[in-house]
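Asker: Dropping a structure here in C-alpha cells format, bear with me for questions.
Residue numbers (UniProt numbering): 1 to 161.
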C-alpha cells in the first residue's frame, strides 16, 4: 500500500509538472511562433525600400542612403518644375511623413510645415502627394525576407535662393 501511495504521489506530481507533454504539436508550434514574434523588433527593417538603381546587396546604411537620396532627388526635380513665391528670408524645413506599403506603393501620412508655407504655397501638399505617385518602381522594405509596411520621414529644405 505504501508503494502504491508513493507511486500515485509521484505520478500525480509528474502529471502536474509536465502538462506540456500532453500539449498538441500545433499548440507548441503556436507558442514558439508567438514567442518569436514578440522577440522581433518590428520598428527596424532588415532591408530598406529600394529603387531600381539601389543595390540590395549593400549594407543597411547604404540602402537607406540610396533610398533617401533617390527620393529626395525625385522630389527636388518635381519641386523645381514649379515656381514658388516665398518671402525673401524664408528658409524652412518641411517634414514629410510617408508610408511605403508591402507592395512598394508610397503614400503621404503627414506634412509638418510652417503656417506661412500654406499662405505662400497653398498647393504644396498636393504637389508632394502627386510627386510620390510619379515615383519610379520601388521594392518594399523587408523584415526576415517578408515585405512589410515602413514609415519614413524626410526633410525638404525650402529656401529663398
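Glycine is no exception: its CB is placed at the ideal position from the N, C-alpha and C atoms. Here the structure is a predicted model, which is why all the values come from computation and not from measurement.
In the DSSP assignment, the beta strand (DSSP E) including residue 144 goes from what residue to what residue?
Answerer: Position 144 of the chain shown, counted from the start, is the residue given in the question as residue 144. No beta strand (DSSP E) contains residue 144, which DSSP labels as neither H nor E.
Asker: By a C-beta neighbour count over all protein chains shown, 10 Å radius and 16 as the cutoff for buried, is residue 70 buried or exposed?
Answerer: Numbered from 1 along the chain shown, position 70 holds the residue referred to as residue 70. By the neighbour-count rule (16 or more Cβ atoms within 10 Å), residue 70 is buried.
Asker: Could you check how far apart the C-beta atoms of residue 108 and residue 149 are, in whole angstroms? I think they sit under 8 Å.
Answerer: Your numbering for residue 108 matches position 108 in the chain shown. Your numbering for residue 149 matches position 149 in the chain shown. So it is not a contact: roughly 14 Å between Cβ atoms.
Asker: With a threshold of 16 other CB atoms inside 10 Å of the CB of residue 131, please say whether the residue is buried or exposed.
Answerer: Along the chain shown, read from residue 1 onward, the residue named residue 131 stands at position 131. Flag for residue 131 reads buried.
Asker: For residue 121, which of helix, strand or coil comes out of DSSP?
Answerer: In the chain shown, counting from the first residue as 1, residue 121 sits at position 121. Coil.
Asker: Go to residue 151, then tell me how far its alpha helix (DSSP H) extends in each direction, as first and last residue.
Answerer: For the purposes of this step, residue 151 is taken as residue 151 along the chain shown, with counting starting at 1. Taken as a continuous stretch (DSSP letters only), residue 151 belongs to no alpha helix (DSSP H), being part of the beta strand (DSSP E) at 150-158.
Asker: Is there a Cβ of chain B sitting closer than 7 Å to that of residue 132, yes or no?
Answerer: Within the model displayed, chain B is absent; a lone protein chain is all it includes.
Asker: CA-CA distance, residue 106 and residue 98?
Answerer: The residue given as residue 106 occupies position 106 in the chain shown. The residue given as residue 98 occupies position 98 in the chain shown. C-alpha separation (whole angstroms): 7 Å.
Asker: Please say whether residue 158 and residue 92 have beta carbons closer to each other than 7 Å?
Answerer: The residue given as residue 92 occupies position 92 in the chain shown. The residue given as residue 158 occupies position 158 in the chain shown. Taking 7 Å as the Cβ cut-off, residue 92 and residue 158 qualify as a contacting pair.
Asker: Take residue 112 and list the residues in its own chain whose beta-carbon comes closer than 6 Å to its own, dropping the five residues that flank it on each side.
Answerer: Numbered from its first residue, the chain shown carries residue 112 at position 112. So the qualifying residues of the chain are 95.
Asker: What does the alpha-carbon distance come out to for the pair residue 72 and residue 63?
Answerer: Your numbering for residue 72 matches position 72 in the chain shown. Your numbering for residue 63 matches position 63 in the chain shown. Residue 72 and residue 63: Cα-Cα distance of roughly 14 Å.
Asker: Could you tell me which of 114, 126 and 139 sits nearest to residue 52, measuring between CA atoms?
Answerer: The residue given as residue 52 occupies position 52 in the chain shown. Nearest of 114, 126 and 139 to residue 52, Cα basis: 139.
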